[in-house]
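Colleague: Respectively, the protein sequence lines represent chains S and V.
Under the numbering used here, think of the first position of the first sequence as 1, with each following residue one higher.
Under the numbering used here, think of the first position of the second sequence as 198, with each following residue one higher.
Number of protein chains: 2
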Amino acid sequence: MQTIRLNQQLQFIIEIDKLKNVLRQTLLIDASRRENSGEHSWHLAMMTMILAEYAPEGTDIFCAMKMSLIHDLVEIDAGDTFCYDVEGNESKAQRELQAATRIFGLLPQEQGKELRLLWDEFEARETPTAKFAAALDRIQPFLHNQQTEGGTWRIHNINRNQVMQRMAPVEEGTPKLWNFILEEIENCINEGYLKNS
Amino acid sequence: MQTIRLNQQLQFIIEIDKLKNVLRQTLLIDASRRENSGEHSWHLAMMTMILAEYAPEGTDIFCAMKMSLIHDLVEIDAGDTFCYDVEGNESKAQRELQAATRIFGLLPQEQGKELRLLWDEFEARETPTAKFAAALDRIQPFLHNQQTEGGTWRIHNINRNQVMQRMAPVEEGTPKLWNFILEEIENCINEGYLKNS
């Protein structure tokens, strides 16, 4: 017998399939096509597992993994906003809040609330767990851009300052990887993947 | 400074991007295209979180989630074998073992071993955690086939007996959902999504 509770959970599981059709600006590492937010979320959850040792003290890795999995669900309604799109980012917060209410609202009440709190925590970037998850969310597309010899940076004419600003949360979110990022930015400039200014 | 350890971890993270290009037989729920194994793994990890309450006693949900994330990595080398392809499934085990050795072998030794043990546990389907993860791995494409009015079942002329055999691990892996599956199989037959014999 399919209870109301199970039915709500299944409707949520069916609804979130749409995230596989939300395209990001990021290219796959083989540059064959743009990445979607479903597979991006998988990659991020994998990074949470593999890079757990670089998390700041007090990080709950299970929680960070769940955050990685759910962090982009709001894009089903709000779409993916390119991180360097100034205008799009002004309306982003409002659009995403509405999306969170609808999408997490599909679940049984207490379960939806639990996921919403997790998403709120991710967005607020105040706890070590959220800071770690946010840092990895910056590092993942950074690696793609480095591996595709500039990828989206070249397409959108992005420069060092913009990347530095975008990557700033890494310093606090996973301080042990900050030097690696700084070095790689220099390498990318030297290789011509990223403009100096 | 990029240590050897970090370098191995990054090479693994870059390598697994290839899972986003491994196509499964399953269609997305909007039937627009075939699903890839990266986004499938994300969907499965989400189901692990949402359906945790239906896991058998003794299941470690964090572990089941990690299993969901890594269970298909071997397909990067071995490809996705359609579950109803008898010939392909005869050589599958050997191809996947070789792939596991190479892919988990990219990681620092003890980390690669940890993931390999997790994958071995998933494949053996002996622990409650592995049984739960395997059951969800059957339910996910089942939902896609139901939602796409027969999807891959129709394309490949699959019948009730084949689906019953394929879904059998659900009975033990998440017994609380077994009745739902049995009912849905009947519904799919009544709707003409699945052949009776």
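We put the CB at the ideal spot given by N, CA and C, even for glycine.
#1: Within 7 Å (strictly less), CB to CB, does SER265 (chain V) reach chain S?
#2: Consider the Cβ of LYS217 (chain V): report whether some Cβ of chain S lies at a distance smaller than 7 Å.
#3: Using CA coordinates, which residue listed in V:SER234, V:GLN306 and V:ILE386 is at the minimum distance from TRP350 (chain V)?
#4: Considering only the alpha carbon of each residue, which of V:LEU340, V:ILE247, V:LEU314 and V:GLU293 lies closest to GLY276 (chain V)?
#5: Measuring alpha carbon to alpha carbon, tell me which of V:THR256, V:GLN295, V:GLU320 and V:ASN233 ends up nearest ASP274 (chain V).
#6: Determine the DSSP secondary structure at GLU191 (chain S), reduced to helix, strand or coil.
#7: Excluding sequence positions up to five away, which residues of its chain have a Cβ less than 7 Å from the Cβ of GLY235 (chain V)?
#8: Cβ of ASN376 (chain V) versus every heavy atom of the ligand SAM: is any distance shorter than 6 Å?
#9: Run down chain S in chain order and give the residues with a C-beta less than 7 Å from the C-beta of ASN233 (chain V).
#10: Can you pull the chain S residues whose beta carbon is under 8 Å from the beta carbon of GLN206 (chain V), in chain order?
#11: To which residues does DSSP link ARG231 (chain V) through a beta bridge?
#12: Determine the direct distance from the alpha carbon of ALA252 (chain V) to that of TYR202 (chain V), and round the result to whole angstroms.
#13: Closer than 7 Å, CB to CB, is TRP239 (chain V) near chain S or not?
#14: With the cut-off set at 7 Å, would you say PHE319 (chain V) and HIS268 (chain V) are in Cβ contact?
#15: Quick one: which chain S residues come within Cβ less than 7 Å of PHE259 (chain V)?
#16: Tell me, please, whether the CB atom of GLN109 (chain S) is closer than 7 Å to any CB atom in chain V?
#17: So the alpha helix (DSSP H) ASN161 (chain S) belongs to, where does it begin and stop?
#18: Listing by chain order, which chain S residues have their CB less than 8 Å from the CB of LEU340 (chain V)?
#19: Please list the partners that ILE226 (chain V) has in chain S, where partner means a Cβ-to-Cβ separation under 7 Å.
#20: I'd like to know whether the C-beta of ALA45 (chain S) is nearer than 7 Å to at least one C-beta of chain V.
#21: Which chain V residues are close to SER91 (chain S), counting only those with a beta carbon under 8 Å from its beta carbon?
#22: For the putative contact between MET264 (chain V) and ALA330 (chain V), defined by C-beta atoms under 8 Å, what is the C-beta separation to the nearest angstrom?
#23: Figure out for me which residue from V:ASP282, V:PHE259 and V:GLU346 has the closest Cα to the Cα of ARG363 (chain V).
#24: Beta-carbon separation of LYS328 (chain V) and GLY389 (chain V) under 7 Å?
#25: In three-state terms, what does DSSP make of HIS43 (chain S)?
#26: Is there contact here, the region 330-343 of chain V with the region 365-385 of chain V, by at least three beta-carbon pairs under 8 Å?
#27: Taking the alpha helix (DSSP H) that ARG335 (chain V) falls in, what are its first and last residues?
#28: What are the start and end residues of each continuous alpha helix (DSSP H) run of 4 or more residues lying completely inside the region 60-84 of chain S, in chain order?
#29: In chain S, what lies closer than 7 Å to SER394 (chain V) by C-beta?
#30: Which word fits ALA228 (chain V), buried or exposed, when buried means at least 16 other C-beta atoms lie within 10 angstroms of its C-beta?
#31: Could you confirm whether any beta carbon from chain B is found closer than 7 Å to the beta carbon of GLN25 (chain S)?
#32: Taking DSSP as the reference, what is the three-state secondary structure of ALA55 (chain S)?
#33: Just the C-alpha distance for SER91 (chain S) and ALA124 (chain S), rounded to the nearest angstrom, thanks.
#34: Between GLN147 (chain S) and chain V, is there a C-beta pair that is closer than 7 Å?
Modeller: According to the structure data:
#1: no
#2: Taking Cβ atoms only, chain S reaches closer than 7 Å to LYS217 (chain V), which makes this a yes.
#3: V:ILE386
#4: Minimum Cα distance to GLY276 (chain V) is reached at V:GLU293.
#5: V:GLN295
#6: helix
#7: LEU216 and LYS217
#8: This structure does not include the ligand SAM; it has no bound ligands of any sort.
#9: Listed along chain S are GLU39, each with a C-beta nearer than 7 Å to that of ASN233 (chain V).
#10: Chain S residues near GLN206 (chain V): ILE50 and LEU51.
#11: Answer by DSSP bridge pairing, in chain order: V:LEU224.
#12: With the sequence shown as reference, residue 202 (chain V) is identified as Arg, and Tyr is not the correct amino acid for it. The alpha-carbon atoms of ARG202 (chain V) and ALA252 (chain V) are separated by roughly 36 Å.
#13: yes
#14: yes
#15: PHE62
#16: no
#17: According to the DSSP assignment, ASN161 (chain S) belongs to the alpha helix (DSSP H) that extends over 160-167.
#18: Chain S residues near LEU340 (chain V): LEU10, ILE13 and ILE14.
#19: ILE14 and ASP17
#20: yes
#21: The contact set of SER91 (chain S) on chain V, defined by CB atoms closer than 8 Å, is empty, because the minimum CB distance reaches about 26 Å.
#22: 4 Å
#23: For ARG363 (chain V), the nearest C-alpha among the options comes from V:ASP282.
#24: Taking 7 Å as the cut-off, the beta carbon of LYS328 (chain V) is found no closer than this to the beta carbon of GLY389 (chain V).
#25: helix
#26: At 8 Å Cβ cutoff, the stretches touch.
#27: 325-344
#28: 61-70 and 75-78
#29: Residues of chain S passing the Cβ test: none, with the nearest at roughly 25 Å.
#30: exposed
#31: Included in the structure are the protein chains S and V, with no chain B among them.
#32: coil
#33: 17 Å
#34: yes
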